[in-house]
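Undergrad: Residue numbers (my numbering): 3 to 221. Glycine included, C-beta positions come from ideal geometry on N, C-alpha and C. Source: prediction; values computed, not measured.
#1: Excluding the 5 residues flanking residue 220 on each side, which residues of the same chain have their C-beta closer than 7 angstroms to its C-beta?
#2: Just the Cα atoms here: how many angstroms apart are residue 28 and residue 147?
#3: Determine the direct distance from the alpha carbon of residue 60 to that of residue 48, and round the result to whole angstroms.
#4: Would DSSP call residue 41 helix, strand or coil?
#5: State the DSSP-derived secondary structure class of residue 10, mapped to helix, strand or coil.
#6: Taking only the alpha-carbon atoms, compute the straight-line gap between residue 36 and residue 96 and give it to the nearest angstrom.
#7: Which residues does DSSP list as the beta-bridge partners of residue 33?
#8: Taking the C-alpha atoms as reference points, what is the distance between residue 51 and residue 7?
#9: Under three-state DSSP, which class holds residue 166?
#10: Are residue 181 and residue 158 close, meaning C-beta to C-beta below 8 angstroms?
#11: Could you compute how far the alpha carbon of residue 39 sits from the alpha carbon of residue 104?
#12: Using the C-alpha atoms, what's the distance from residue 184 back to residue 193?
#13: From the DSSP secondary-structure annotation, give me the bridge partner or partners of residue 180.
#14: Can you tell me the Cβ-Cβ gap for residue 31 and residue 101, rounded? I've got them flagged as a contact below 8 angstroms.
#15: When DSSP labels each residue in this structure, what does residue 105 get in the three-state scheme?
#16: Within a Cβ cutoff of 7 angstroms, which residues of the same chain sit near residue 22, ignoring the five residues on either side of it in sequence?
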C-alpha cells in the first residue's frame, strides 16, 4: 500500500504518479491507465463552490476516495489530493483489467475483454462495485478499496480534460488529462492527447509537474 504522504501533493503532480498503480477491491484488480487532475481554484473542480455534504471528502487529506453519482447512474471514483482543506482530486478515467475478469464482466454486464470494458470513469466504478457510500474511504489502509503500487509508465500522454465545457477557457484548455502512452485502455477522445515533455536532467521526471508541464505539438 502507498503511504498517505504519496497523495498529499498537488493534484497535477499526483495524477501522472497514479498511472500504472493498481486499484483493488474484492477479487478485482485494475491498473490505472488514464486520469484527470482537478485543483483548488479550478472552475471545473467540484470544490469550486466550497464544502457541501457531497463535496466534503474533496477537502479532506489526500489519500481518501471521493465518489459522486453522475447523471444519477455512474459512480465516479476520484482520489483526493493535496493537504486537508485545499479541495483537490484526481478522477480515475480508465483502467486495464489485472485480476477478476469474470467479476468485472458480470458487474459491467458485458462479456468482452476489449477496452470498452473499462474505458470511462463510470465503467471503472461499475467494475469495482462501488457506490457513494465508499466516499471518504482511506485508500492507504488494507481492506475494502485500496491502491497498490505498480510499474511506472515509460511514456505519458497529456491533453485537455473531457466534458468540462462549463469551466473557464483556461481550465477547459489546460492539459490536465494524463494517460499511459501506447495502451488501448484510454477513453475517447484520443486525438487530443500529446506526449508529455519534461525538463531534462531531473532526478524525478514526475516531480513538480505544475511548473514544468509542456506539450509537443504534432503536424
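TA: On the basis of the data shown:
#1: By one-based count along the chain shown, residue 220 stands at place 218. Residue confidence for residue 220 is low, a pLDDT of 38 falling below 50, so the modelled location carries little weight; the figure read from the coordinates is stated next. The answer, listed in chain order, is 196.
#2: Within the chain shown, numbered from 1, the residue matching residue 28 stands at position 26. Within the chain shown, numbered from 1, the residue matching residue 147 stands at position 145. Going by the C-alpha atoms only, they are around 8 angstroms apart.
#3: In the chain shown, residue 48 corresponds to position 46, counting from 1. In the chain shown, residue 60 corresponds to position 58, counting from 1. Each residue's alpha carbon lies about 8 angstroms from the other.
#4: Position 39 of the chain shown, counting from 1, holds the residue named residue 41. Reduced to three states, the DSSP call for residue 41 is coil.
#5: Within the chain shown, residue 10 is the residue found at index 8, counting from 1. Shown here, residue 10 sits in coil according to DSSP, grouped into three states, outside any helix or strand.
#6: Locating residue 36 in the chain shown gives position 34, where the first residue counts as 1. Locating residue 96 in the chain shown gives position 94, where the first residue counts as 1. The alpha-carbon atoms of residue 36 and residue 96 are separated by roughly 5 angstroms.
#7: Taking the first residue of the chain shown as 1, we reach residue 33 at position 31. Beta-bridge annotation (DSSP): residue 33 is paired with 24, 98.
#8: On the chain shown, position 49 is the one that residue 51 refers to. On the chain shown, position 5 is the one that residue 7 refers to. Roughly 26 angstroms separates the two Cα atoms.
#9: Start at 1 with the first residue of the chain shown, and residue 166 comes out as number 164. Correct three-state label for residue 166: coil.
#10: Reading the chain shown from its first residue, position 179 is the one you call residue 181. Reading the chain shown from its first residue, position 156 is the one you call residue 158. In contact: residue 181 and residue 158 (Cβ atoms closer than 8 angstroms).
#11: Within the chain shown, residue 39 is the residue found at index 37, counting from 1. Within the chain shown, residue 104 is the residue found at index 102, counting from 1. Roughly 30 angstroms separates the two Cα atoms.
#12: As a working note, residue 193 is residue 191 in the chain shown. As a working note, residue 184 is residue 182 in the chain shown. So the two alpha carbons sit approximately 13 angstroms from each other.
#13: As a working note, residue 180 is residue 178 in the chain shown. Residue 180 is bridged to 37, 160.
#14: Start at 1 with the first residue of the chain shown, and residue 31 comes out as number 29. Start at 1 with the first residue of the chain shown, and residue 101 comes out as number 99. Confirmed, about 4 angstroms.
#15: Stepping through the chain shown from its first residue, residue 105 is reached at position 103. Helix.
#16: By 1-based counting over the chain shown, the position of residue 22 is 20. Closer than 7 angstroms at the Cβ level, and outside the excluded window around residue 22, lie 33, 34, 152, 153, 154, 155, 182.
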